[in-house]
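Participant:
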Amino acid sequence: MGASHDNVIGLILAVSSSVFIGSSYIVKKLGLKKAADNGNRAAAGGHSYLCEPWWWAGMITMIGGEIANFAAYAFAPALLVTPLGALSIIFSSVLAHFILKEKLHMFGVLGCALCMVGSTTIVLHAPHERAISSVKDVWHLATEPGFIVYVCIVVVVVVVLIVRCVRNHGQGHMLVYIGICSLTGSMTVMSVKAVGIALKLTFEGSNQFIYFQTWFFTLVVIGCCLLQINYLNKALDAYNTAVVSPVYYVMFTSFTIIASIIMFKDWATQDASQIATELCGFVTILSGTFLLHKTKDMGTKPSDATVYSSPHLPKDTNTPQTIQI
1 MGASHDNVIG
11 LILAVSSSVF
21 IGSSYIVKKL
31 GLKKAADNGN
41 RAAAGGHSYL
51 CEPWWWAGMI
61 TMIGGEIANF
71 AAYAFAPALL
81 VTPLGALSII
91 FSSVLAHFIL
101 KEKLHMFGVL
111 GCALCMVGST
121 TIVLHAPHER
131 AISSVKDVWH
141 LATEPGFIVY
151 VCIVVVVVVV
161 LIVRCVRNHG
171 QGHMLVYIGI
181 CSLTGSMTVM
191 SVKAVGIALK
201 LTFEGSNQFI
211 YFQTWFFTLV
221 VIGCCLLQIN
231 YLNKALDAYN
241 TAVVSPVYYV
251 MFTSFTIIAS
261 IIMFKDWATQ
271 DASQIATELC
281 GFVTILSGTF
291 LLHKTKDMGT
301 KPSDATVYSS
311 PHLPKDTNTP
321 QTIQI
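When the letters of the sequence shown are read in order and numbered with the UniProt record's numbering, they come out as residues 1 to 325.
#1: Less than 9 angstroms between CB atoms is the rule here; does Ala-194 satisfy it with respect to chain B?
#2: Where are the alpha helix (DSSP H) runs, 4 residues long or more, that stay fully inside the stretch 86-172, in chain order?
#3: Taking a contact to mean a Cβ-Cβ separation below 9 angstroms, would you say Ile-178 touches Val-244 in this structure?
#4: Confirm, please, whether the CB-CB distance from Val-158 to Leu-87 is below 9 angstroms.
#5: Classify residue 326 as buried or exposed, calling it buried when 16 or more other Cβ atoms lie within 10 Å of its own Cβ.
#6: Inspect the beta-carbon positions of Arg-130 and Pro-83 and report whether they are closer than 9 angstroms.
#7: Between Ile-21, Ala-36, Asn-7 and Trp-54, which lies nearest to Val-27 when the distance is taken from Cα to Cα?
#8: Kindly indicate which three-state DSSP category Asn-233 falls into: helix, strand or coil?
#9: For Ser-34, which of Ser-23, Glu-52, Val-117 and Leu-100 has the nearest alpha-carbon?
#10: Where does Glu-278 sit, in a helix, a strand or coil, going by DSSP?
#11: Does the distance from the C-beta atom of Thr-121 to that of Thr-284 stay below 9 angstroms?
#12: Please name the residue in Thr-218, Leu-175 and Val-221 whose C-alpha comes closest to that of Leu-232.
#13: Determine the extent of the alpha helix (DSSP H) in which Asp-37 is found, giving its start and end residues.
#14: Take Ser-23 as the anchor and find which of Asp-37, Ala-96 and Val-8 has the nearest alpha-carbon.
#15: So Gly-10 and Phe-91 are supposed to be a Cβ contact under 8 angstroms. How far apart are they, rounded?
#16: Give me the Cα-Cα distance between Ala-272 and Thr-253, rounded to the nearest whole angstrom.
#17: Inspect the CB distances between the stretch 102-114 and the stretch 122-141 and report whether three or more fall short of 8 angstroms.
#18: Would you mind reading off the limits of the alpha helix (DSSP H) that contains Pro-53?
#19: Could you tell me the distance, in whole angstroms, from the CA atom of Ile-261 to the CA atom of Ala-268?
#20: Answer yes or no: do Ser-191 and Thr-218 have a C-beta to C-beta separation smaller than 9 angstroms?
#21: Does the Cβ-Cβ distance between Val-151 and Ile-197 come in under 9 angstroms?
#22: Let me know if Asp-237 comes out buried or exposed under the rule of 16 or more other beta-carbons within 10 Å of its beta-carbon.
#23: Who are the Cβ neighbours of Gly-64 in its own chain at under 7 angstroms, not counting the five residues just before and after it?
#24: Would you mind sorting Val-247 into buried or exposed? The rule is 16 or more other CB atoms within 10 Å of its CB.
#25: Report the residue from Ser-206, Val-117, Gly-108 and Glu-204 whose alpha carbon sits nearest the alpha carbon of Ser-93.
#26: What does the alpha-carbon distance come out to for the pair Phe-203 and Phe-209?
#27: For a quick check, are the C-beta atoms of Ile-275 and Ser-186 less than 9 angstroms apart?
#28: Near Leu-291, which residues of its chain fall below 7 angstroms by C-beta distance, leaving aside the five closest residues on each side in sequence?
Shown next, in the form of structure tokens:
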């Protein structure tokens with residue numbers, strides 16, 4: 001990674017976000033365990049966890065992590081910030097091993113190591129953040145022909161999936177729901193980055209909320225987030241989280257990186273060797289993520305096994321089922 005001051009701040013915020021989000025699920029789990037001893041379990045429809053300070057501490061920690069993640073996009077390119085979300089899986093797995101006594105299998109340790117190696121590779125070769133002096137600069141990038149074509153493709157595919165595929169194929173093909181979430185997610189991140197930059201410039205003394213572009217990007221963030229939440233919940237309700245989590249992470253991260261490359265031209269100042277190294281780092285992170293999810297219950301007794309989702313997703317209570325991807 002270059003010696004960009006903004007990149008360093010973005011990196012610190014992204015890693016901090018992963019630490020907070022990864023640990024928040026452990027803290028929330030402690031609250032759920034305490035609540036289960038005093039009332040109905042959450043999986044059985046109980047809400048006694050709402051009276052547990054540990055659960056609320058976990059929620060506050062998660063909110064802090066999401067705020068840090070939001071801020072990271074204002075300082076560093078999505079090509080750097082988005083893949084680092086995999087680090088939250090590492091923190092969650094390691095803390096669960098030591099605090100919740102949920103055994104981390106040797107292959108899980110290897111998965112953590114792969115995620116660390118891949119993340120380090122991307123950090124060391126990430127491009128500099130583009131200099132932005134106004135939200136109008138972001139609007140100019142978002143209205144260039146290349147990105148407009150990408151947006152049109154995303155809108156058409158998402159509409160077709162919602163109108164033609166959800167009702168007939170949603171319950172049998174997981175990629176229908178995940179595709180909607182991932183494509184919409186790439187738009188969410190680009191808009192979040194625009195709003196983050198607007199807030200950053202506003203705090204520096206240049207008010208960006210006098211421009212309609214800032215409010216437009218804000219509305220896109222809200223709309224896309226609501227759409228993502230709706231169909232992600234459908235995916236989690238229909239399929240096993242152990243499968244949904246890694247597939248969603250891969251598709252969401254891939255589409256986000258593609259959108260960032262088209263809109264912000266992150267690779268324009270890099271040579272072929274740097275790009276190839278970043279791609280290798282990304283593939284290494286994906287390998288580690290899949291390995292962690294595939295082996296997370298190895299060595300755990302079936303009666304004691306606890307299914308964990310990705311740190312960005314809620315816990316799943318469905319039984320495993322056959323899935324057509």
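Glycine included, every Cβ here is placed at the ideal spot set by N, Cα and C.
Facilitator: Here's the rundown:
#1: Although the question refers to chain B, the structure presented lacks it and comprises just one protein chain.
#2: Qualifying alpha helix (DSSP H) stretches, in chain order: 87-98, 106-125, 135-142, 145-160 and 166-169.
#3: Cβ distance < 9 angstroms, so Ile-178 and Val-244 count as in contact.
#4: Result no, Cβ atoms of Leu-87 and Val-158 do not sit closer than 9 angstroms.
#5: In this structure the chain extends from 1 to 325, so residue 326 is not present and cannot be described.
#6: No, Cβ-Cβ distance for Arg-130 and Pro-83 is not below 9 angstroms.
#7: The candidate whose alpha carbon is nearest that of Val-27 is Trp-54.
#8: The three-state reading of DSSP puts Asn-233 in helix, counting H, G and I together.
#9: The residue you asked about is not Ser; residue 34 is Lys in the sequence shown. Distances from the CA of Lys-34 to each of Ser-23, Glu-52, Val-117 and Leu-100 were compared; the closest alpha carbon is that of Glu-52.
#10: Residue state, collapsed to three classes: helix.
#11: Contact flag set, yes.
#12: It is Leu-175 whose Cα lies nearest to the Cα of Leu-232.
#13: Element bounds for Asp-37: 5-38.
#14: For Ser-23, the closest of Asp-37, Ala-96 and Val-8 by C-alpha to C-alpha distance is Ala-96.
#15: The Cβ separation is near 19 angstroms, so there is no contact.
#16: Taking the straight line joining both Cα atoms gives about 21 angstroms.
#17: Contact fails between the stretch 102-114 and the stretch 122-141, because fewer than three Cβ pairs, one in each stretch, are under 8 angstroms apart.
#18: Looking at the DSSP string, the run of the alpha helix (DSSP H) that includes Pro-53 is 53-75.
#19: Rounded to whole angstroms, the separation of the alpha carbons of Ala-268 and Ile-261 is 9 angstroms.
#20: Contact flag set, yes.
#21: For Val-151 and Ile-197, no; Cβs fall outside 9 angstroms.
#22: Exposed, because fewer than 16 other Cβ atoms sit within 10 Å of the Cβ of Asp-237.
#23: Excluding positions up to five away in sequence, the list reads Phe-20.
#24: Buried, because 16 or more other Cβ atoms sit within 10 Å of the Cβ of Val-247.
#25: Nearest to Ser-93 by alpha-carbon distance, out of Ser-206, Val-117, Gly-108 and Glu-204, is Gly-108.
#26: If you take the alpha carbons of Phe-203 and Phe-209, they lie about 11 angstroms apart.
#27: The Cβ atoms of Ile-275 and Ser-186 lie no closer than 9 angstroms to each other.
#28: Closer than 7 angstroms at Cβ, skipping near neighbours: Phe-107, Leu-110, Gly-111 and Leu-114.
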